[in-house]
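Novice: In our numbering, the protein residues as written are 109 to 180.
Glycine included, C-beta positions come from ideal geometry on N, C-alpha and C.
Note that this is a predicted model, so its numbers are computed, not measured.
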Amino acid sequence: MIALAVLLFVNAAFNAVVWPQFYKRVARDPRARDAAGKPTAFLTVHAVLIAVALVLALVSVLAGIAALTGAL
């Protein structure tokens, strides 16, 4: 179970590092806002995808802890 926990922690760390940086790039993209400055579907879709990825990172951490404690 230690290998599983390590895999889950690495997955969580990857998601926690990569996705916020990706959001910064998406938010600066000209397609992120319309002429009035309102968020476009491009920004909304990417924000939702990034939020889901970060929730999965949290789930990975919790599952990794569960694997280490023998709850899995």
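Distance, Cα to Cα, Y131 vs L157?
Specialist: Rounded to the nearest angstrom, the two C-alpha atoms are 10 Å apart.
Novice: So, at 7 Å on beta carbons, what are the nonlocal neighbours of G145 in its own chain, with the 5 sequence-adjacent residues on each side left out?
Specialist: Counting only Cβ-Cβ distances below 7 Å, and skipping sequence neighbours, we find nothing.
Novice: Mind checking G178: buried by the 16 CB within 10 Å criterion, or exposed?
Specialist: With fewer than 16 other Cβ atoms within 10 Å, it is exposed.
Novice: Relative to the alpha-carbon of L164, which residue among F117, D142 and L176 has its alpha-carbon at the smallest distance?
Specialist: Of the listed residues, the one whose Cα sits closest to L164 is F117.
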